[in-house]
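Numbered according to the numbering used here, the first sequence spans residues 236 to 1134. Glycine included, C-beta positions come from ideal geometry on N, C-alpha and C. Working notes, beginning with the structure itself.
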Amino acid sequence: MELPKTYDPQRAEDHWYAVWEERGYFHATVDAGKRPFAIVIPPPNVTGELHMGHALNNTLQDVIIRYHRADGKSACWFPGMDHASIAVHTLIERALAKRELDDLLRDIGFPVPAHTQPLTRRDLGREAFMKLGWAWKEKYDGRIRQQLRVLGCSCDWPRERFTMDEGLSHAVQTVFVRLYEEGLIYRDTRMVNWDVQAQTVLSDLEVENEENVQGELFQFAYPLEDGGELVVATTRPETMLGDTALAVHPDDARYKHLIGKFAVHPFLERRVPIIADGQLVDPAFGTGVVKVTPAHDYNDLATGKRHNLDVISILDFKGNANQNAGPFAGMERFQARRAVKEKLEELGLARGSKPHLMTLPRSQRTGTIVEPMLTTQWFVKMEPLARPAIEKVRDGSIDFIPQEWAKTYFHWMENIQDWCISRQLWWGHRIPVWYRKGQDPMDPRHWHVSTRPPDDAEHWEQDQDVLDTWFSSALWPFSIMDWPAPSAEQKYFYPTAFLSTGPDIIFFWVARMIMMGLHFMGEIPFRTVFFHPIVVDEHGKKMSKTKGNVIDPLTLKDEFGIDALRFTLVAGTAKGKDLRLSHSTVDGNRKFLNKIWNAARFVLSNLKGKAAPPLDQTGPLQLEDRWILSRLQDAVSQVRRALDRYDFNLAAGMVYSFIWRDYCDWYLEWVKPRLYASGTPDAVAQAVLCHVFDQILRLLHPFTPFIAEELWQHFPARAPESVMVAPFPQVQPALADSQAEGQMDRLQALITAIRTLRSELNVPPDRPATVLIRTEEAALEDLVRQHAHIFQSLAHAAQVDIGPQVTRPAQAPRKVLEFAEVFLPLEGVVDIAAERVRLVQELSRVESDLKRALLKLENEEFLRKAPTDVVDKEKRKLAEFQQMAQRLAENLELLGVKI
RNA sequence: GGGCGGUUAGCUCAGUGGAAGAGCAUCUGCUUGACGUGCAGAAGGUCAUAGGUUCAAGUCCUAUACCGCCCACCA
């Protein structure tokens, strides 16, 4: 039963998770006798690696779910994973190109070519690619699952779902069909963001703008039909191959006479009209002439529509110049740009260039520069969905924490654009639309939109595209509960209680879940959304692979234990602040866990292997017993309050300070004499020690479940059989004892004063001394007399003389408190000069406080306008300061200082 | 170009309009029989700046500066 001297996390962590899971502690059922509390996990990408952000987010969810489970609710954490359509595509295609997937390809029976050339998804074909996707998924999804277990996440594993499961796919199709039938899904040809590498469209959100890129504004001249030239400026010279107009401002005197005339395209057989457009053209920018390329620019397309211009696309879907590019056809887009510039130079049409700061749109996944491209896609009309979703956050039905994110949400939702949901990919939910062969695919009369293929399938062709990954994510809170079929889970667990996620996906995911939940369930998907902080390194820099400052959670587990990491993450989760993580902070919390471990050793060694009797069956409580029990009530109430408000850092901080400061530093030290002094340990002290420690383990369990369980199991007569099923502590008002706290405060202040004197004067702590305490308070006198033994054990006071009659020794270190003066008469250790300096400093501090209080109380406005309790408090303070100042002055006089 | 945060001790952060706080780190003592992964004590702050509201401002308001993050199709 003897515990080792230090805590070894590895053993406990490897052992307990399996036990908990096997006993079914993570499983929650629909139970009318309990209140529900559900969390749905933000499904990790199936091919992903668990990084620090996951560790944080899942730890926070685990803390909350364990807390509510222990508090008697049917607490269900729904786990699952996301198929991550485009992310998986990118990974697989990259691996195919490097020929890293040959083994997997053989596994699925694909004839792997003998050569070692890069492979693409098109080499495989759709069917083989899907097989490969599933094989990939099977290979990697276990890794995530395992990593969540290592973190201690108490997920209800039998409920695990995958976004491409049959059931969830059915939910996706159902939603698509219903939205289509409601007119909220439509097909349209418009300009979209095109990723030339993945060769698919992207939604606006999947485009990341790289700011302040140094580019150039290139100028060149268009020859005019009637002679002369018009100089334009552009950052993308190659698009001139698709120019179908030159635009000037209608009021621009320089060009007014040219409106309606034509320029001649330098390379292509084309007359380019000169048009007037006040919307497009800012006369002050560049040359005041804009080349118009409707096929490759949003503004130009709008201009083209206003003026009925031709739309000539010059790029294919791979980003190469197409047949419309004349002599440049076949060139890669940037090669074409260089070639066009060279050609213009050659023809003497180049008119120089200027450096130009610009913003480059890049694909979130592939990093490639996104091309605006005119294509046909499926869209969701968002505005009608957004309206009720805005309302539910505005009226407080859904809480955002921190609140500030609501503003971001409103801003986006109120300006919401339609959502492009089709993707030219294979891995994902195929769009449930069939087009009748031989008919116009743009004509809805020849469409079959249904969760099931048409009966005469041979006459139809299904849409080739899949849906945006986030389309299925948006349904997650109810699709995992078997929707559209009815289920007891939906009735019981929906709306879920809590969603924790990163603020980076507020639009991608949170907003869309709210919209879809309201639309299809008629009810919000969750009551609270918690946006966790970004984990940054110790210098406040974002962790990134390229910076090389990434900290791997599993490495930290090996080094410090997962509980230490968990506690660090929770303690660092302050609202609105980044979470700075460093090895040293985790190490600090490892020390905290070791401290708890040793407190347990102490308690255990004093129980002598027997269970302590319950509190109410022992004798009367001592002051310190009443005090620690009272402090416990405060800790329990504050931890609960903090967790209820999702103030994670405050909850962890409270646990930390109660255990270390109150329980270990004061209480354990205080009761030692009761345990050691006489032959038999004091049963009351044992009972209190044990009771409080039992409560500590329960408080600790949501944060650091492994060490909590390991210690729980070491206690004799533990009940119940696991800390996981032990009820979370509740406040017992009867144990709150402000009198005990007040008395302990005074005793502690006196003890601290003696220690300070010793320390400042380098009196060895073990050198016994007589302590003199001068006070006018009779009650304090009694209190101190009763606890003389404590002054002995905690302050090495051989003897304590107390009372109003105590005389101030002239040659003794002294400390002045609000309610007493403490003297430590020790021969040969007094440095009178230093003593004077200290007292003078203290006096000046007190006097400045005194002055401030006096000024306030002399202010008639204050007396008239401030509430009476504030005025009374100020008066009390003034009296205290006056008394302290007087005592200090007297003591100084005794040391020969004239005031 | 808009919007949103943040700025309190060396670091990480609390802080309800009514005496500026904690934990790390630092310094000084301590092999006190749970723990040196520890104990005790100390030092350390014009609460970013400037105005304003108030009897009273770290806290509320307005600007400014710096840092960070979003959103936006300016050639």
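With respect to the 8 Å criterion, Asn-534 and Leu-515 are classified as neighbours on the basis of their beta carbons.
For Gln-1040, the secondary structure class from DSSP, reduced to helix, strand or coil, is coil. Remark: C-beta atoms of Ile-510 and Ala-498 do not approach each other more closely than 8 Å. Between the beta-carbon of Ile-741 and that of Ile-749 there is about 10 Å, and that puts the pair past the 8 Å contact cut. Annotation for Phe-766: the continuous beta strand (DSSP E) segment containing it runs 761-766.
Counting only residues of its own chain and dropping the five nearest sequence neighbours on each side, Leu-536 has a CB closer than 6 Å to the CB of Met-426 and Pro-529. Of all C-beta pairs linking the segment 1064-1074 to the segment 1010-1025, fewer than three are shorter than 8 Å, placing the two stretches out of contact.
The three-state secondary structure of Cys-390, taken from DSSP, is coil. For Tyr-457, the beta-bridge partners assigned by DSSP are Leu-465.
Leu-1098 counts as exposed, since fewer than 16 other C-beta atoms from the protein chains shown sit within 10 angstroms of its C-beta. Counting only runs of 4 or more residues that sit fully inside the segment 480-549, the alpha helix (DSSP H) segments are 533-542, in chain order. By the Cβ-count criterion, Trp-369 is exposed, with fewer than 16 other Cβ atoms from all chains shown falling within 10 Å of its own Cβ.
Within the same chain, Asn-428, Asp-430, Ser-598 and Val-605 come within 7 Å of Leu-437 by CB-CB distance, once the 5 residues on both sides are set aside. Nearest C-alpha to Pro-908 among His-1022, His-262 and Phe-795: His-1022. Membership of His-818 in the alpha helix (DSSP H) is indicated by the continuous run 818-842. The segment 764-772 makes contact with the segment 635-643, as at least three CB pairs between them are under 8 Å.
Residues of the same chain with a CB within less than 8 Å of the CB of Pro-916, apart from the 5 flanking positions on each side, are Asn-841, Lys-843, Arg-909 and Leu-910 in chain order.
The DSSP-derived three-state label of Gly-315 is strand.
By the Cβ neighbour-count rule, Asn-292 is buried, with 16 or more other Cβ atoms within 10 Å of its own. Annotation: the continuous alpha helix (DSSP H) that includes Met-889 extends over 883-892. Excluding the 5 residues flanking it on each side, Lys-1112 has same chain C-beta neighbours closer than 8 Å at Asp-1084 and Ala-1088, in chain order.
If you compare the alpha carbons of Gly-673, Met-677 and Ala-456 with that of Leu-481, the shortest gap goes to Ala-456. Contact annotation, Ala-330 with Ile-343: C-beta distance approximately 14 Å; criterion of less than 8 Å not satisfied.
In the three-state reduction of the DSSP assignment, His-262 falls in the coil class, being assigned neither a helical nor a strand state. Ser-735: member of the beta strand (DSSP E) spanning 731-736, first to last residue. DSSP places His-1022 outside both helix and strand once states are collapsed to three, so it counts as coil.
In this structure, the CA atom of Pro-721 is about 52 Å from the CA atom of Arg-896. In the DSSP annotation of this structure, the continuous segment of the beta strand (DSSP E) that includes Leu-592 starts and ends at 585-598. When the Cα atoms are used, Pro-501 and Leu-459 turn out to be separated by approximately 10 Å. Around the beta carbon of Ser-973, fewer than 16 other beta carbons sit within 10 angstroms, so the residue counts as exposed. Rounded to whole angstroms, the separation of the alpha carbons of Arg-471 and Met-593 is 12 Å.
Cβ contact annotation for Thr-538 (same chain, cutoff 6 Å, sequence separation greater than five): Asp-512, Leu-515 and Val-527, in chain order. By the neighbour-count criterion, in which a residue is buried when 16 or more other Cβ atoms sit within 10 angstroms of its Cβ, Gln-558 is exposed. In the displayed model, Phe-645 falls within a helix according to three-state DSSP. Take the alpha-carbon of Pro-619 and the one of Phe-411: they are about 16 Å apart. Taking Ser-1079 as reference, the option from Arg-1122, Ala-519, Ala-918 and Asp-400 with the minimal CA-CA separation is Arg-1122.
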